[in-house]
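Participant: Residue numbers (our numbering): 24 to 216. Input: one structure, supplied below.
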Ligand SMILES: [Zn+2]
């Protein structure tokens with residue numbers, strides 16, 4: 024299955040850090056769509072989770088708060104890695120919080136002619152939705168300061184991505200979007216002269 028074009032980072036935790044809108048405007052629906060796009064849950068599963076917004080508003084509120092907390096901490100940590108700055112150990116705490124409470128296992132699910140791995144949580148609650156993201160973030164932190172985490176060179180974009188290109192000199196989140204925009208702008212500048 025082709026990756027949706029807005030998931031360009033190459034690592035789940037970076038795509039999650041890129042998730043917009045900012046601050047407290049992220050809705051339950053937007054988060055569920057992200058999980059589907061990232062193949063973390065199936066469409067069917069997302070459809071069964073969507074009504075929780077009305078049936079269990081407190082549980083959804085609690086998980087939205089955790090989502091924001093995790094995303095903001097990931098943005099801070101990844102920015103530090105990009106800028107080769109040290110960050111306090113406590114900034115990783117929101118990741119550990121998720122890892123601590125999510126016990127479960129992966130299970131193969133066959134759907135629409137393709138296999139996917141879905142995380143099956145041992146306990147109820149909604150925190151399991153963040154388990155794979157926290158796991159991916161943990162792996163990136165373990166890679167240390169040399170992890171090729173970058174931000175798109177387009178000042179209006181600044182999305183995080185994982186640069187596993189051969190030369191390690193990738194500049195754009197996506198050649199199709201920001202890379203192309205840059206090429207066109209450079210072309211127009213040359214033409215003007
Ligand atoms: Zn970009």
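C-beta atoms are modelled at their ideal positions from N, C-alpha and C, and glycine is treated no differently.
Cβ-heavy atom distance between residue 188 and ligand 1 below 7 Å?
Facilitator: False, no ligand heavy atom lies under 7 Å from that Cβ.
Participant: Between residue 34 and the rest of its own chain, which residues show a CB-CB distance below 7 Å, the 5 nearest in sequence each way excluded?
Facilitator: The residues are 159, 163 and 185.
Participant: If you measure between the beta carbons of residue 151 and residue 176, is that distance less than 8 Å?
Facilitator: The answer is no: Cβ separation not under 8 Å.
Participant: Under the three-state reduction of DSSP, which class applies to residue 196: helix, strand or coil?
Facilitator: If DSSP states are grouped into helix, strand and coil, residue 196 belongs with coil.
Participant: Given a cut-off of 8 Å, decide if residue 127 and residue 144 are closer than it, judged by their beta-carbon atoms.
Facilitator: Cβ distance < 8 Å, so residue 144 and residue 127 count as in contact.
Participant: Using 8 Å as the threshold, is the stretch 38 to 58 in touch with the stretch 85 to 92, meaning 3 or more CB pairs across them?
Facilitator: They touch, by the three-pair rule.
Participant: What three-state label does DSSP hand residue 131 in the structure shown?
Facilitator: Correct three-state label for residue 131: strand.
Participant: I'd like the list of long-range same chain contacts for residue 31, defined as Cβ closer than 7 Å, with 5 residues on each side in sequence excluded.
Facilitator: Cβ within range, chain order: 182, 184, 196 and 197.
Participant: Which complete beta strand (DSSP E) runs does the stretch 144 to 212 hold, if anything under 3 residues is left out?
Facilitator: For the stretch 144 to 212, whole beta strand (DSSP E) runs of length 3 or above, ordered along the chain, are 172 to 174 and 183 to 185.
Participant: With burial defined as no fewer than 16 other Cβ atoms inside 10 Å of the residue's Cβ, what is the status of residue 135: buried or exposed?
Facilitator: It is exposed - the Cβ of residue 135 has fewer than 16 other Cβ atoms within 10 Å.
Participant: What would DSSP say about residue 75, mapped onto helix, strand or coil?
Facilitator: Correct three-state label for residue 75: helix.
Participant: Let me check understanding here. Comparing Cα to Cα, which of 179, 111, 73 and 83 lies closest to residue 96?
Facilitator: Residue 96 has its Cα closest to that of 111, out of 179, 111, 73 and 83.
Participant: Hey, how far is the Cα of residue 69 from the Cα of residue 59?
Facilitator: For residue 69 and residue 59, the distance between alpha carbons rounds to 7 Å.
Participant: When the Cα atoms are used, what is the spatial distance from residue 119 to residue 43?
Facilitator: Approximately 23 Å, taken between the alpha carbons.
Participant: Going straight from the alpha carbon of residue 36 to that of residue 211, what length do you get?
Facilitator: When rounded, the distance between both Cα atoms is 36 Å.
Participant: Is the separation between the beta-carbon of residue 93 and that of residue 124 shorter than 8 Å?
Facilitator: Going by C-beta atoms, residue 93 is not nearer than 8 Å to residue 124.
Participant: How about residue 182: is its Cβ closer than 7 Å to a heavy atom in ligand 1?
Facilitator: Within the cutoff, so yes.
Participant: With respect to 7 Å, is the separation between the Cβ of residue 177 and the closest non-hydrogen atom of ligand 1 below this value?
Facilitator: Within the cutoff, so yes.
Participant: Residue 165: beta carbon under 7 Å from a heavy atom of ligand 1?
Facilitator: No, since every heavy atom of ligand 1 falls outside the 7 Å radius drawn around the Cβ of residue 165.
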